[in-house]
Amino acid sequence: MSTQFSIIIADDHAMFLDGLKSILAEESSIKIVLTAKTGAQVLKYLRINTEEKIDLIITDINMPEMDGVELNNAIKAEFPNIKTLVVSMLEDPKKIKTLTDDNANGYISKNAEKKELLVAIKTILNGDNYFSQRIKQIAMEAMFSAKQQQEITLTKREKEVLKLIAQEFTTQEIADKLFLSKHTIESYRKNLISKLGVRNLAGLTRYAVEQGLLD
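If you read the sequence shown in full-length UniProt numbering, its first letter stands for residue 1, the second for the next number, and so on.
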């Protein structure tokens, strides 16, 4: 890259900051104009130095005051021309989805090799997005899981049975509560396991909790 690019790094871990600065010090085409410990510091700098052209912001997710998810959202809203790269240990599908929905330009793990980190930075600075294979896999799995959940529709009776199972009632107790036979409750349980794609009662309980049936 022959063009000079200006970047900002936001991370509250001094060791990571020092390591990243050391890596980028070898890149003559990249200039670090600011290192910050919070997203709020980055936004303050951008709002004050409106005439300065910033090409890329590299940010962690977990930071005090304003995390990387909030920072990315604010940057895309106020400074849409600035690219963002998330470098984090977190692999939370919800946060990954939020970041991609909010047009983050890249996401890689802090465990990534130096070579991949440079590839990600240069790819984004050259106008393309970069998401590591692991992050893309998590995003795809989350999308598939969300689609599956959307397609599952439980009847009122199935929800009643599922809720009682999650509350640790026995098959006979559930049958007595719902005025049904023990055999009918066993059928409901087997059908729910198959319908929800889980393996056992623990899976049914986890699904009930995730869907808020115990609230």
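Think of the CB as a built atom: it goes at the ideal place given N, C-alpha and C, for glycine as much as any other residue.
Asked	Found
Assigned exposure category for Val-209 - 16 Cβ within 10 Å defines buried	exposed
Environment of Met-1 [buried if 16+ CB atoms lie within 10 Å]	With a pLDDT of 42 at Met-1, under the threshold of 50, the modelled position of that residue is not reliable, and the figure given next carries that caveat. Met-1 comes out exposed.
Beta-bridge pairing of Leu-34 - partner residues as DSSP gives them	Ile-8
With 16 other Cβ atoms within 10 Å as the buried cut-off, status of Ala-25	exposed
Backbone secondary structure at Gly-68 - three-state DSSP	helix
Contact check, Lys-97 vs Ala-142, beta carbons under 8 Å	yes
Check whether Leu-90 and Ile-61 have beta carbons under 8 Å apart	yes
Thr-59 versus Gly-68: straight-line alpha-carbon distance, rounded	6 Å
Host alpha helix (DSSP H) of Leu-201 (start-end)	201-210
Ser-29 versus Leu-204 - alpha carbon distance	54 Å
Beta-carbon proximity check, Ile-124 vs Leu-164, cutoff 8 Å	no
Spatial neighbours of Glu-65 in its chain, beta-carbon cut-off 6 Å, leaving aside the 5 residues before and after	Thr-38, Ala-40
Gly-106 - containing alpha helix (DSSP H), residue span	Gly-106 -> not in any alpha helix (DSSP H); beta strand (DSSP E) instead, spanning 106-109.
Check whether Thr-35 and Ile-9 have beta carbons under 8 Å apart	yes
As assigned by DSSP and simplified to three states, the class of Leu-164	helix
Val-87 (DSSP reduced to helix, strand or coil)	strand
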